[in-house]
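Under the numbering used here, the first residue of the sequence shown carries the number 5, and numbering increases by one thereafter. Where a beta carbon is used, it is the ideal one built from N, C-alpha and C, also for glycine. Fair warning: this is a prediction, and the values are worked out from it, not measured in the lab.
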Amino acid sequence: MSMARTRNLHPGINLGATDPDVHRAAEGVVFGFWLFLMADLVIFGALFATYAAMSVQGIAQGPSPAEIFDLGSAFVETVLLLLSSFAFGFATLEMKYRGNIGRLYLWLAIAGLLGAGFVAMELHDYANMIAVHGATPQTSGFLSAYYLLTGTHVAHVSFGIAWMVVLMVQIGVFGLTGIVKLRLLRLGLFWHMLDVVWVGIFTLVYLFGVVS
């Protein structure tokens with residue numbers, strides 16, 4: 005097999021050794037998806053900047069971050085999301101090296117359920133903050149920025165879970181075709197990107213908030 009068929013054409017998991025045709029097709033597709041992810045990260049960057057300003061200057065008469073944040077809950081949410089990303093990594097390796105549909109379904113299901121657990125815990129935190137502290141988005145600029153930042157992330161995770169379910173249906177209907185593999189590659193990049201964003205949220209919002 006020539007070097008042109010096996011070289012890495014893009015960042016991320018490469019299929020050159022197991023599916024050279026999809027590997028070549030992924031070059032342009034994955035590059036375009038990286039551009040989308042970078043644009044999405046610009047949005048998160050603006051939300052981070054807004055939150056950083058509001059968490060200091062926008063508390064007004066409302067509660068401060070240290071008064072309402074549950075660091076233990078945020079830590080568990082972080083573990084759930086990291087484990088979900090880990091499970092999705094095993095799903096992509098299964099797709100690349102073995103192609104066992106049953107095991108691929110298993111890893112995708114684990115990743116999706118862990119992601120759903122993260123979303124459920126985050127929504128529970130929102131409900132608890134509102135019920136116990138009266139910390140609604142209208143209370144202060146800080147809380148508006150908090151709900152917007154974390155809510156945008158929760159919306160992304162929820163969309164990723166729905167995307168995962170759709171792909172599981174497509175695998176069952178079409179099998180591991182080249183198009184389905186390319187979609188799995190893109191979902192993997194999206195899912196791992198959400199992990200990176202959440203680590204930033206956990207550090208800036210929860211850790212710094214509790215320490216302050």
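Check, Outcome
"Can you name, in chain order, every residue of its own chain whose Cβ lies under 6 Å from the Cβ of I72, other than the five neighbours on each side?", "M133, H137, A139"
"For the alpha helix (DSSP H) containing A78, list its first residue and its last residue.", "75-101"
"With a threshold of 6 Å (Cβ to nearest heavy atom), would T154 be considered close to the ligand FMN?", "The model on display carries no ligand, and the ligand FMN is accordingly not part of it."
"Just verifying my parser: in three-state terms, what is the DSSP assignment at S68?", "coil"
"Whole angstroms is fine: what's the gap from A70's alpha carbon to G119's?", "26 Å"
"Pair every Cβ in the region 168-185 with every Cβ in the region 35-45, then say whether three or more of these pairs are closer than 8 Å.", "no"
"Closer than 6 Å by C-beta to G145: which residues in its own chain qualify, once you throw out the five before and the five after it? Chain order, please.", "M58, G62"
"Distance check for L117 and L180, CA to CA, integer angstroms please.", "22 Å"
"Taking the alpha carbon of T82 as the reference point, which residue from S216, H196, V215 has its own alpha carbon closest?", "H196"
"Would you call G164 buried or exposed, if buried means 16 or more other Cβ atoms sit within 10 Å of its Cβ?", "buried"
"Check whether the Cβ atoms of A95 and L108 lie closer than 7 Å to each other.", "yes"
"Whose C-beta lies closer than 7 Å to the C-beta of T143 among residues of the same chain, with five residues either side of it excluded?", "G66"
"Give the single residue among D74, V80, F52 whose Cα lies nearest to the Cα of A131.", "D74"
"Return the residue from the list T154, L188, A149 that minimises the CA-CA distance to A166.", "L188"
"Can you tell me which of the three DSSP states T10 falls into?", "Note that T10 has pLDDT 48, beneath the 50 cutoff, so the model's placement of it is unreliable and no number is given."
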